[in-house]
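Peer 1: Residue 2 is where the sequence shown starts when you use the numbering used here, and the numbers rise one by one after that.
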Amino acid sequence: MTYETLRLERADGVATITLDRPERKNAINEPMWDELRAVFDEVGRRPTDRVLVITGAGGDFCSGADLSAMGSDGPAAERRHHLAAMRRIGDVALALHRLPQPTVAKVRGVAVGAGLNLALLCDLVVASDGARFSEIFARRGLTIDFGGSWVLPRRVGLHRAKELALFADIIDAAEAERIGLVNRVVPDGELDAFVADWTARLAAGPPIALAQTKQLLDVGAESSLQQALDAEGAAQTVNFATADTAEAVRAFVEKRQPSFHGG
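#1: For the structure I just gave you, are there three or more beta carbon pairs, one from the region 218-238 and one from the region 42-53, closer than 8 angstroms?
#2: Report the residue from Ala212, Gly116, Glu178 whose alpha carbon sits nearest the alpha carbon of Leu68.
#3: If distances are taken between C-alpha atoms only, which option among Ser129, Ser150, His98 comes closest to Leu217?
#4: Does the Cβ of Ala78 have 16 or more other Cβ atoms within 10 Å, making it buried, or fewer, making it exposed?
#5: Do you know how far the Cα of Glu36 is from the Cα of Thr6?
#6: Please state whether the Cβ-Cβ distance between Lys107 and Val40 is less than 8 angstroms.
#7: Ignoring anything shorter than 3 residues or poking outside the region 126-196, list the beta strand (DSSP E) runs there in chain order.
#8: Look up Arg11 in the DSSP assignment and say whether it is helix, strand or coil.
#9: Whole angstroms is fine: what's the gap from Ala244's alpha carbon to Gly263's?
#10: Assign Phe134 to one of two classes, buried (16 or more other C-beta atoms within 10 Å of its C-beta) or exposed (fewer than that).
#11: Using the Cα positions of Gly190 and Arg156, report the straight-line distance between them to the nearest angstrom.
#12: So, under 8 angstroms CB-CB, Ile90 and Val113 are touching, yes? Tell me the CB distance rounded to an integer number of Å.
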């Protein structure tokens, strides 16, 4: 597929989505919401896409939803019901969260509002030292959305999440790293190489095992210990039947690096 508001590139098992509205700091308009859903579905269907990276064009990650494009203009008969619009946006968040592949947000510049939550819904967040973050919704008279009420307290804890969401302050990369909002902060000139190293390592990993590990961690907070142990047992039973696990054992015995193919 070709996209109007996104760029999708593939290399060595890594699919990279670039939000491509730099003139609006990559604010998400209605076509981009639809294209994000479509590209997440596309990547999720392709076993050759071993890792997904999300980033932004023009030196910024994403300035959130484009409020000028939320359906308030035009004839009333053509406007989208607000609840229907939010459910559509929610479907995009779920599509990203449900991807079996590891996902990495590569953040430069601003990541605010839905743009911040787009990053936080990824499994890993790596930021340049010039990045800035905000749950900016309250400044716009809005409540937190695009999964922020779910993912933010899981990243930073409930009380810190309330501070970020209620005050809607903008924080720098150093503070974001200190409170656990992001995984790593690196100098801007080293960001691409750092993410390339992480994604190469992930792409070389065992896809079935990584997908199951990701799912186990995502649901672990809502599970009892017994439920978690049962789920782990089921996942390991699947792994023991795969060619990848057999290859890992052979590689260990032969003292070499394994070669995983997702079988």
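Note that CB positions come from ideal geometry on N, CA and C, so glycine has one too. These figures come from a predicted structure and were not determined experimentally.
Peer 2: Taking the definition as stated:
#1: no
#2: For this step, residue 68 is matched to residue 67 along the sequence shown. Comparing Cα-Cα distances from Leu68 to each of Ala212, Gly116, Glu178, the minimum goes to Gly116.
#3: In the sequence shown, the residue the question calls residue 217 occupies position 216. Nearest of Ser129, Ser150, His98 to Leu217, Cα basis: His98.
#4: Numbered from its first residue, the sequence shown carries residue 78 at position 77. Any reading at Ala78 needs caution, since the residue's pLDDT is 49, under 50, leaving its predicted position unreliable; the model's value is listed next. Counting Cβ neighbours within 10 Å, Ala78 comes out exposed, since fewer than 16 surround it.
#5: The sequence position of residue 6 within the sequence shown is 5, counting from 1. The sequence position of residue 36 within the sequence shown is 35, counting from 1. About 7 angstroms.
#6: Translated into the one-based positions of the sequence shown, residue 107 becomes position 106. Translated into the one-based positions of the sequence shown, residue 40 becomes position 39. In this structure, Val40 does not lie closer than 8 angstroms to Lys107 by Cβ.
#7: 133-135, 185-187
#8: Counted from its first residue, the sequence shown places residue 11 at position 10. Three-state DSSP puts Arg11 in a strand.
#9: Residue mapping note: residue 244 aligns to position 243 of the sequence shown, counting from 1. Residue mapping note: residue 263 aligns to position 262 of the sequence shown, counting from 1. Between Ala244 and Gly263, the C-alpha separation is close to 8 angstroms.
#10: For this step, residue 134 is matched to residue 133 along the sequence shown. By the neighbour-count rule (16 or more Cβ atoms within 10 Å), Phe134 is buried.
#11: Working through the sequence shown from its first residue, we reach residue 190 at position 189. Working through the sequence shown from its first residue, we reach residue 156 at position 155. Spanning the two alpha carbons is a distance of roughly 26 angstroms.
#12: As a first step, residue 90 must be located in the sequence shown, where it is residue number 89. As a first step, residue 113 must be located in the sequence shown, where it is residue number 112. About 16 angstroms separates the two Cβ atoms, so there is no contact after all.
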